[in-house]
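Novice: When the sequence shown is numbered by this note's numbering, its final residue is 336 and no position is left out of the sequence of numbers. One structure coming up, written as structure tokens, with questions to follow.
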Amino acid sequence: MDFNAKEIHDLKKRAAQLRSNLIDMIPPGKVGHLGGSSSIMDVVAALYFKIMNVYSDPRDPRRDILVFSKGHAVLAQYAALVELGYVEREALKHVKTLECTLQGHPDMDHTPGIEAVTGSLGQGLSICLGMALGLRLDEKSSRVYCILGDGELAEGQIWEAAMAAASYKMDNLCGIVDINGVQATDAIDHVLANPDLKKKWEAFGWNTIEIDGHDMHQILTALEEAKTLKGRPTAILAKTIKGKGFSFAEGKAAYHNAAMNEEEYAQAKEMVKKMLEEA
Numbered sequence: 058m059d060f061n062a063k064e065i066h067d068l069k070k071r072a073a074q075l076r077s078n079l080i081d082m083i084p085p086g087k088v089g090h091l092g093g094s095s096s097i098m099d100v101v102a103a104l105y106f107k108i109m110n111v112y113s114d115p116r117d118p119r120r121d122i123l124v125f126s127k128g129h130a131v132l133a134q135y136a137a138l139v140e141l142g143y144v145e146r147e148a149l150k151h152v153k154t155l156e157c158t159l160q161g162h163p164d165m166d167h168t169p170g171i172e173a174v175t176g177s178l179g180q181g182l183s184i185c186l187g188m189a190l191g192l193r194l195d196e197k198s199s200r201v202y203c204i205l206g207d208g209e210l211a212e213g214q215i216w217e218a219a220m221a222a223a224s225y226k227m228d229n230l231c232g233i234v235d236i237n238g239v240q241a242t243d244a245i246d247h248v249l250a251n252p253d254l255k256k257k258w259e260a261f262g263w264n265t266i267e268i269d270g271h272d273m274h275q276i277l278t279a280l281e282e283a284k285t286l287k288g289r290p291t292a293i294l295a296k297t298i299k300g301k302g303f304s305f306a307e308g309k310a311a312y313h314n315a316a317m318n319e320e321e322y323a324q325a326k327e328m329v330k331k332m333l334e335e336a
């Protein structure tokens, strides 16, 4: 499928703005999940601002649903919810503080636009499968998207949900795996290697697509294919870079959940400024 240059340009600019919002949430000395939030940001921009049906009311029954199974990276979702007008921009300064609408993990009771409480890894795909089944029973055309981490795939519950989704032919369900290769303490391959992911998802009965998770055209093409495929769920395996956009953090487990110092924060602000100028 072809996408025009303006669409690609606008979405790249959206992704740059989302990374700017991310930095606003984790100023110097404040611990936050920079690495895994920035790695999935291009996919989030494509979903919210091109692919998904979203409305001014975050509870509109016609909406598509996005769940962060890797709930620790919800800062990426918060960055988008602000741009959608669901959350006030001022809230970015108070993430993870008492009574703020934006907590460290997703909270569907307090944050408009959050669809499920996640963060205990491995549960999101099961939740999304239930949502997708409910939409089918209600004869609704809405779709469900689930963002998973590659380290999270070590959780067995994911594969139970994957097996069930294929068995029920859930073509309104799309799983997106953020394959940045690094988890909380080290590289995935050094902790619990999980090779041949494409073959695994295919063996579980899923339509499986491998993409560069920072190439907007590839992201859009894969997501559009998932929307048109019938009879099977789709898994999009997005190869990404942990800490994408912030050179001092890229590919480093130390920035999975860490605080930037003053110098790093200043660098990050310059980097997002450059992203916005070049987008």
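Just so it is clear, CB atoms sit at the ideal spot from N, CA and C, and this is done for glycine as well. Given the structure is predicted, the values throughout are model-derived calculations rather than measurements.
1. In this structure, how does DSSP classify Gly89 when only helix, strand and coil are distinguished?
2. Could you tell me which uninterrupted alpha helix (DSSP H) segments, each at least 4 residues in length, are contained entirely in the region 221 to 276, listed from first to last along the chain?
3. Where Pro163 and Leu182 are concerned, what is the direct C-alpha to C-alpha distance, given to the nearest angstrom?
4. How many Å lie between Ala191 and Gln160 at the Cα?
5. Taking only the alpha-carbon atoms, compute the straight-line gap between Gly300 and Lys107 and give it to the nearest angstrom.
6. Answer with buried or exposed for Asp207, where buried requires no fewer than 16 other C-beta atoms within 10 angstroms of its C-beta.
7. What is the rounded straight-line gap between the Cα of Thr168 and the Cα of Val139?
8. Please identify the residue among Met227, Lys87, Ala336, Lys127 whose C-alpha is closest to the C-alpha of Gly179.
9. Could you tell me the alpha carbon to alpha carbon distance between Lys309 and Gly92, rounded to whole angstroms?
10. List the DSSP bridge partners of Cys203.
11. For my contact list, Val329 and Arg119 are in at a C-beta cut-off of 8 Å; report their separation, rounded to the angstrom.
12. Distance check for Ala295 and Glu145, CA to CA, integer angstroms please.
13. Kindly indicate which three-state DSSP category Leu159 falls into: helix, strand or coil?
14. Report, in whole angstroms, the separation of the C-beta atoms of Asn314 and Val88, which I expect to be a contact under 8 Å.
15. With DSSP run on the structure shown, which of helix, strand or coil describes Leu286?
16. Which residue from Lys226, Gly238, Thr297 puts its Cα closest to that of Ala283?
17. Under three-state DSSP, which class holds Ile80?
Specialist: A quick look at the data gives this:
1. strand
2. 245 to 248, 254 to 260
3. 15 Å
4. A quick correction: the sequence has Gly, not Ala, at residue 191. Each residue's alpha carbon lies about 27 Å from the other.
5. 23 Å
6. buried
7. 11 Å
8. Lys127
9. 8 Å
10. Val124, Gly232
11. Going by Cβ atoms, the distance from Val329 to Arg119 rounds to 33 Å, so no, they are not a contact pair.
12. 30 Å
13. coil
14. 6 Å
15. coil
16. Lys226
17. helix
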